[in-house]
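Structure record follows, encoded as structure tokens.
Chains as they are written, first to last, in our numbering: chain A, 30 to 289; chain B, 40 to 776.
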């Protein structure tokens with residue numbers, strides 16, 4: 030296995046164009062598990078840890094550009110927690126402190142798991158994913174970027190370089206259910222935001238994220254609407270019936286928080 | 040290679056002595072078996088069955104042997120001696136011969152320069168399987184094709200039973216099993232299969248000695264029983280197989296059965312190179328036996344005043360593919376089915392069956408965990424039916440010295456059940472914490488699922504007990520050897536396995552106490568220099584090692600008195616009071632006792648439950664445990680907390696899930712064990728009522744908290760939710776759907 034370690038974004042994109050089979054690695058909290066469990070043996074790994082442009086976040090004309098290497102710990106503890114409270118709450122639910130120091134939002138989007146904790150809060154903020162290649166960059170709404178279970182819209186030569194959003198400043202929250210009180214993969218999760226409209230997006234309850242919206246005055250029917258929009262399954266982590274029930278309860282509680 | 044000789048600074052029996060291995064373990068400096076390295080070593084890998092039941096049509100290793108870096112590929116043809124082994128019954132093939140009976144059963148071995156090369160080569164071994172219908176349900180096992188028609192457990196003094204797939208069927212008849220009471224409560228209960236989930240996976244290193252023999256450095260619970268199983272399969276005399284204890288990262292019963300010992304030795308002898316084998320986490324779930332899943336049908340009959348009249352209990356245990364220690368687990372489940380209560384009449388039936396599910400055997404609590412969950416739920420039901428306080432009902436029926444167990448055994452030793460109940464009941468839980476709170480102190484924890492909505496508080500109580508040491512006539516002994524110098528230092532040899540429980544400290548405390556000197560060292564545990572210590576199991580090691588070391592120290596002092604100025608070296612064997620088997624037809628004792636002694640733990644639990652989402656938080660646990668005498672109070676409290684955590688895991692989250700015998704959650708992603716946020720503070724009271732038959736009056740302490748905590752937590756969840764909750768682990772669905 031070759032490890033390619035570019036130090037600039039230009040170099041990273043060139044290497045990805047030359048080696049479209051290379052697997053991008055940032056924090057390694059997904060890919061290293063796959064390697065250690067012998068579930069993946071990529072020919073090449075594109076190590077993005079030395080690419081400075083992929084660190085941190087910037088502001089442009091009222092928009093936020095979260096670089097793909099932004100970690101959960103940085104979101105949880107930094108100044109973003111006031112602007113993106115649901116994303117900060119979601120970050121706190123990810124793994125252990127060690128994992129949160131390593132794991133990144135770019136990795137969460139790249140893995141495209143239905144349980145990805147960053148995805149629902151980004152979706153309710155109508156975030157867009159910046160995909161870059163030597164051919165240029167494009168932006169794809171998060172809900173379109175995830176195309177299925179562990180599938181995304183990235184082209185072979187593209188890298189996830191950032192997430193763009195304009196903070197809505199809407200009251201918002203994130204909740205996640207697991208069988209123990211820390212360090213769990215979501216049995217079901219939910220982000221809800223409320224301004225002129227109600228927006229919700231869930232995790233682990235459908236193959237891909239769905240943004241559920243309703244006028245603000247339809248709060249009473251919103252929990253049912255969210256539960257109906259889900260397509261949960263029975264698996265080792267939970268039952269279809271429980272997931273749908275929990276979505277109703279979580280939406281009711283989330284509305285209590287964000288409409289208070 | 041050799042472990043450093045360990046030394047404590049101070050400490051006699053009864054004193055609080057900090058553990059010497061704690062700092063290196065916390066700092067990551069402790070050498071576990073998985074850290075073993077020697078120059079020139081190869082890495083072994085085990086090819087395992089992807090089926091839970093299949094016929095092996097053919098095995099083709101030709102491609103695998105030609106892979107780069109590969110030194111050996113072995114199958115059952117390469118096992119030079121006995122082809123099967125087993126802890127009690129040799130019913131398990133070293134490597135599968137013509138069939139596989141469980142998912143993950145070892146089929147072939149590879150040794151290569153690099154572990155990756157070994158795994159790659161194992162992938163190229165072509166095994167043609169003909170899948171067969173698995174026996175996946177324990178209740179249907181008795182009517183299914185017999186997986187072991189040769190009946191390996193027959194002829195060992197158990198009740199004759201011709202039904203298919205019976206490992207052991209046991210009936211205990213006590214008094215009049217048809218006696219009626221004024222009130223009767225019935226229930227059906229289930230317990231899922233728990234994994235020991237030790238953090239240090241199975242690992243070891245086999246080193247050929249160049250003279251046909253082999254040294255095996257391994258994380259195990261009983262060095263000498265490993266040797267007794269390994270040597271015949273290698274076709275070697277015992278002396279040519281030397282087992283050395285390597286750093287153990289937890290055991291909990293899961294290292295009683297062999298894992299890599301024979302496999303590593305086969306590869307090492309075949310290649311004439313040291314061979315190391317380390318299981319990964321997924322492999323570990325198939326690499327050891329688990330706690331038996333259980334189904335239990337119970338009826339408790341009592342007088343109007345609450346006194347038990349008759350208890351009827353039927354237990355079914357899924358032993359999985361091979362016998363392991365299922366015969367003893369089935370018996371223990373029956374022996375302790377009533378809990379620590381006196382009933383003049385009882386009918387207890389316990390059956391362990393073979394299936395194609397993962398093999399089950401020893402795990403902390405050993406059968407008593409399952410029945411305690413059912414029995415204590417029944418006691419709560421009985422209390423509700425009678426309108427009696429649950430604690431009062433338990434006190435009314437509490438066993439005491441002089442009482443008779445359902446097996447006919449009279450309690451002759453220490454049995455402070457009522458004291459434990461009173462002490463636990465007297466512990467005052469903290470007042471409910473006001474809202475708002477940080478979400479990590481609410482059910483759902485870091486998941487941020489409630490600010491207090493749906494949260495109800497519940498208080499539960501339970502009592503459990505079990506035996507100390509091996510039972511039913513097993514010749515249970517422990518050896519210790521003491522080298523005493525005239526220069527006031529001593530070296531103790533004892534093969535007691537330090538599995539994290541702290542027996543190392545116990546041995547040193549005892550030796551210092553007896554010899555009256557501070558400079559006492561413990562030599563590395565191995566089979567070559569001292570006789571067997573027996574297993575670090577059954578809450579027996581403190582008692583047994585203390586007895587053996589005490590006797591050896593006293594003998595050394597006597598010897599030194601005879602030969603002043605000389606170094607003396609003596610070995611002594613200690614035995615606890617003898618037990619005898621149960622009558623196969625009546626389940627009654629055939630001598631004075633079937634069990635040596637007993638230890639009780641009573642527990643009060645406060646939980647908070649989000650009843651809308653089925654999420655839980657255990658807030659506080661108060662425990663009062665009958666410990667005989669605490670050799671090291673800090674370690675005793677550590678055992679109570681650790682044992683409680685393991686029972687909490689079973690109550691709330693830990694279950695090996697299977698589909699047609701295939702494990703579907705073999706990882707720490709989906710098999711969850713409690714975190715610091717799940718485990719509450721534990722307030723422990725040590726009840727010191729010395730055991731007359733034990734050295735210093737000690738009792739084992741590792742198992743009672745695990746036996747009772749699942750039951751106590753379930754009781755608290757019932758109080759919070761009003762639900763029956765007859766199955767553990769309790770799932771969110773059970774609470775809110």
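We put the beta carbon where it would ideally sit given N, CA and C, even for glycine.
Between which two residues does the beta strand (DSSP E) holding residue 141 of chain B run?
Looking at the DSSP string, residue 141 of chain B is not in any beta strand (DSSP E), and its letter there is neither H nor E.
Cα-Cα separation, residue 48 of chain B to residue 551 of chain B
Summary for residue 48 of chain B: the model assigns pLDDT 44, below 50, so the residue's position carries little reliability; its value from the coordinates is reported in the next sentence. If you take the alpha carbons of residue 48 of chain B and residue 551 of chain B, they lie about 11 Å apart.
Which whole-angstrom value is the C-beta distance of residue 670 of chain B and residue 719 of chain B, which I expect to be below 8 Å?
Between residue 719 of chain B and residue 670 of chain B the Cβ distance is about 26 Å, and since that is not below 8 Å, they are no contact.
Host beta strand (DSSP E) of residue 351 of chain B (start-end):
347-359
If residue 262 of chain B sits next to residue 536 of chain B, beta carbons under 8 Å apart, how far is it from one beta carbon to the other, in whole angstroms?
7 Å
List the residues of chain B that residue 118 of chain A touches, going by C-beta distances under 7 Å, in chain order.
487
Thinking C-beta only, is residue 232 of chain B closer than 8 Å to residue 742 of chain B?
no
Residue 590 of chain B, enclosing alpha helix (DSSP H) - first and last residue
580-601
Starting from residue 343 of chain A and walking both ways along the alpha helix (DSSP H), at which residues does that stretch end?
What is shown of chain A runs 30 to 289, which leaves residue 343 of chain A out entirely.
Using a C-beta cutoff of 8 Å, does residue 642 of chain B count as contacting chain A?
no
Secondary structure of residue 723 of chain B, DSSP reduced to three states
strand
Output needed in chain order: residues of the segment 322-336 of chain B with a Cβ under 8 Å from some Cβ in chain A.
none
Anyone know if the C-beta pair for residue 222 of chain B and residue 351 of chain B falls short of 8 Å?
no
Own chain, CB closer than 7 Å to residue 108 of chain B, minus 5 neighbours either side, in chain order:
151, 152, 153 and 156
Quick one: grab the DSSP three-state call for residue 772 of chain B.
helix
I'd like the span of the beta strand (DSSP E) that includes residue 862 of chain B, first residue to last.
This structure gives no information on residue 862 of chain B, because the portion of chain B shown stretches from 40 to 776.
I believe residue 652 of chain B touches residue 262 of chain A by the beta-carbon criterion, under 8 Å. Please report the beta-carbon distance rounded to the nearest angstrom.
About 19 Å separates the two Cβ atoms, so there is no contact after all.
Would DSSP call residue 506 of chain B helix, strand or coil?
strand
With 7 Å as the C-beta to C-beta threshold (strictly closer), list the residues of the segment 265-292 of chain B near chain A in chain order.
none
Per DSSP, which residues does residue 387 of chain B bridge with? Please list them.
B:211 and B:352
Between residue 75 of chain B and residue 208 of chain A, how many whole angstroms is the CB-CB distance? I'm expecting something under 8 Å.
Wrong, their Cβ atoms sit about 35 Å apart, outside the cutoff.
Closer than 8 Å to chain B by CB, residue 100 of chain A:
no
Quick check for students: name the residue ranges of the beta strand (DSSP E) that lie wholly in the segment 41-118 of chain B, counting only runs of 3 or more.
81-87, 93-99 and 109-113
According to the Cβ coordinates, are residue 63 of chain B and residue 284 of chain B closer than 8 Å?
no
Could you tell me how far apart the beta carbons of residue 359 of chain B and residue 313 of chain B are, in whole angstroms, since I believe they sit closer than 8 Å?
Going by Cβ atoms, the distance from residue 359 of chain B to residue 313 of chain B rounds to 32 Å, so no, they are not a contact pair.
With a threshold of 16 other CB atoms inside 10 Å of the CB of residue 471 of chain B, please say whether the residue is buried or exposed.
exposed
What whole-angstrom Cβ distance do residue 242 of chain B and residue 318 of chain B have, given they're in contact under 8 Å?
7 Å
Let me check understanding here. Comparing Cα to Cα, which of B:654, B:402 and B:508 lies closest to residue 494 of chain B?
B:654
Using the beta-carbon count (16 or more within 10 Å), is residue 43 of chain B buried or exposed?
At residue 43 of chain B the pLDDT is 45, less than 50, meaning the model places this residue with poor confidence and gives no usable figure here.
Can you tell me whether DSSP reads residue 264 of chain B as helix, strand or coil?
helix
Pick out whichever of A:268, A:192 and A:113 has its Cα sitting closest to the Cα of residue 167 of chain A.
A:192
Minimum length 3: unbroken beta strand (DSSP E) runs contained in the segment 136-194 of chain A:
157-162, 165-170, 175-177 and 188-194
What does residue 637 of chain B pair with, by DSSP beta-bridge criteria?
B:506
Does any residue of chain B bring its CB to less than 8 Å from the CB of residue 280 of chain A?
no
Taking the DSSP output, what are the residues bridged to residue 309 of chain B?
Its beta-bridge partners do not exist; DSSP assigns none.
Just confirm the distance between the C-beta atoms of residue 277 of chain A and residue 163 of chain A, as a whole number of angstroms; I'd bet it's less than 8 Å.
Residue 277 of chain A to residue 163 of chain A, Cβ: 47 Å. No contact.
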